[in-house]
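Trainee: Residue numbering for the sequence shown follows the UniProt record's numbering, beginning at 1 and increasing consecutively. Glycine included, every Cβ here is placed at the ideal spot set by N, Cα and C. Note that this is a predicted model, so its numbers are computed, not measured. Following this message is one structure expressed as structure tokens.
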Amino acid sequence: MEKKTVDVIIPAYRPGEGWKQMLRGLEGQTWPVHRLIVMNTGKENWKAAYEKTTIPMEVHHLTREEFDHGKTRDQAARMSRADYLLFMTQDALPEDCHLIEKLVEAIEQDEKIGAAYARQLPRKDCRLMEQYTRQFNYPEKSRVKWLADLPELGIKTYFCSNVCAMYRRELYLQLGGFVQKAIFNEDMIFAGELIQKGYGVAYAAEAKVVHSHNYSAIQQFHRNFDLAVSQADHPEVFAGIRSEGEGIRLVKKTAGWLCRQGKPWLVIQLVWQSGWKYLGYLLGKRYQKLPKWVIPRCTMNPKYWE
């Protein structure tokens, strides 16, 4: 049987040394990349960054004003003719040569599975608290999530991450693709629609990428503000589903884990960061009631509001 084709889509902005590592990782996959579609924001030094690769690659340029988390990815998706679309970010490094193979296996378990996303492992420089967050959000056991899991999993039923996520192209187009204007969270919005229409989303723990950030408390505030804005703007997906409970569970489990690691003093830092995250989330959910001058000070994406 002929192998299904996979196109990799990456929005990029001033990629650095990690880009070369990503290319080498994609070139060595057991399941070959059919084509690499790069949506490059800003033309600065792009020729040096997008060096030659054995993978057929095309680079499309857009300005920072034109970039949108949903629309830009959707534009790339509509350039593809592959069976599967694999969305990645420029800082997600394949952990081994089986990344694409394991994602394909996960999505082909059942013809009703519309998407599969990879496990994210922490970088070597990842802070201790963030290491546990990776374990919490990306456990060792794979799972397929369906609408029936909503009472058990809550908001996590819809969780999916375009840091590294694969979609059936025909189904993606059939359902209309990512939202055309998205401050953030285009992956979960689409995953929520998939699940609500009777399809499944697979978490493929055997498919691994190295990806993590050491965000400050203020950066976490901005990120959670935008996350909550995306939920407020899409009540058709998120109405009636609370996220706060999952956040409290993460804080409690992280605190216990830090104590078991012999670092109980880090619980103070955990509480500080969690407070900023929660404040950002509360303000984002109520952004429509905020004075207009407040919003640019809360968001990670000021251009979205222009």
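Between the Cα of LEU173 and the Cα atoms of GLN75, TYR158 and CYS164, which residue gives the shortest distance?
Mentor: GLN75
Trainee: What span of residues does the alpha helix (DSSP H) with GLN219 cover, start to end?
Mentor: 217-232
Trainee: Please give me, in chain order, every unbroken run of the beta strand (DSSP E) with length at least 3 that falls completely inside the segment 105-141.
Mentor: 113-121
Trainee: Keeping to the same chain, check which residues put their C-beta closer than 6 Å to that of GLN261; ignore five residues upstream and five downstream.
Mentor: none
Trainee: Pick out the complete alpha helix (DSSP H) segments inside the segment 231-281, 4 residues or longer, and give them in chain order.
Mentor: 235-238 and 244-260
Trainee: Along the chain, where does the beta strand (DSSP E) containing residue 353 start, and where does it finish?
Mentor: Given that the chain is displayed from residue 1 to residue 306, the structure contains no residue 353 and the question cannot be resolved.
Trainee: State the DSSP-derived secondary structure class of ASP83, mapped to helix, strand or coil.
Mentor: Residue state, collapsed to three classes: coil.
Trainee: Return helix, strand or coil for ARG73, following the three-state DSSP convention.
Mentor: Helix at ARG73.
Trainee: Buried or exposed, going by whether 16 or more other CB atoms sit within 10 Å of the CB of LYS141?
Mentor: exposed
Trainee: Can you tell which of MET129, LYS181, GLN219 and ALA202 has the C-alpha that lies nearest to the C-alpha of SER161?
Mentor: ALA202
Trainee: Buried or exposed for TRP272, please, with buried defined as at least 16 other CB atoms from any protein chain shown within 10 angstroms of its CB.
Mentor: Result: exposed.
Trainee: Buried or exposed: CYS164, going by 16 or more other Cβ atoms within 10 Å of its Cβ?
Mentor: It is buried - the Cβ of CYS164 has at least 16 other Cβ atoms within 10 Å.
Trainee: According to the Cβ coordinates, are GLY28 and ARG64 closer than 9 Å?
Mentor: Result no, Cβ atoms of GLY28 and ARG64 do not sit closer than 9 Å.
Trainee: Take PRO302 and list the residues in its own chain whose beta-carbon comes closer than 7 Å to its own, dropping the five residues that flank it on each side.
Mentor: PRO296
Trainee: Once the 5 residues before and after ASP125 are set aside, which same chain residues still bring their CB inside 8 Å of it?
Mentor: ASN214
Trainee: Evaluate the contact criterion for the segment 183-199 versus the segment 90-97: three or more CB pairs, one atom per stretch, below 8 Å.
Mentor: no
Trainee: How about GLU95 and VAL209: do their beta carbons lie closer than 9 Å?
Mentor: A contact, by the Cβ cut-off of 9 Å.
Trainee: Note down the Cα distance separating LYS292 from ALA118, rounded to an integer number of angstroms.
Mentor: 38 Å
Trainee: Evaluate GLY240 with the Cβ neighbour count: other Cβ atoms within 10 Å of its Cβ, from every protein chain shown; 16 or more gives buried, anything less gives exposed.
Mentor: exposed
Trainee: So, are the CB atoms of ARG168 and ILE107 less than 9 Å apart?
Mentor: yes
Trainee: If you draw a straight line from the alpha carbon of ALA207 to that of LEU103, how long is it in whole angstroms?
Mentor: 6 Å
Trainee: Buried or exposed for PRO122, please, with buried defined as at least 16 other CB atoms from any protein chain shown within 10 angstroms of its CB.
Mentor: buried
Trainee: Quick check on the DSSP output: the beta strand (DSSP E) that includes ILE9 runs from which residue to which?
Mentor: 6-12
Trainee: Comparing C-alpha positions only, which one of CYS259, ALA116, VAL229 and GLN269 sits nearest to CYS298?
Mentor: VAL229
Trainee: With a Cβ-Cβ cutoff of 9 Å, do ALA232 and LYS285 count as a contact?
Mentor: yes
Trainee: Would you kindly work out how many angstroms separate the C-alpha atoms of GLY25 and PRO32, rounded to a whole number?
Mentor: 11 Å
Trainee: Does the count of Cβ pairs from the segment 219-229 and the segment 132-141 closer than 8 Å reach three?
Mentor: They do not touch, by the three-pair rule.
Trainee: Are there 16 or more other CB atoms within 10 angstroms of the CB of HIS60, so buried, or fewer, so exposed?
Mentor: exposed
Trainee: First and last residue of the beta strand (DSSP E) that includes ILE37?
Mentor: 35-41
Trainee: Determine the extent of the beta strand (DSSP E) in which CYS160 is found, giving its start and end residues.
Mentor: Careful: CYS160 lies outside any beta strand (DSSP E) and carries neither H nor E.
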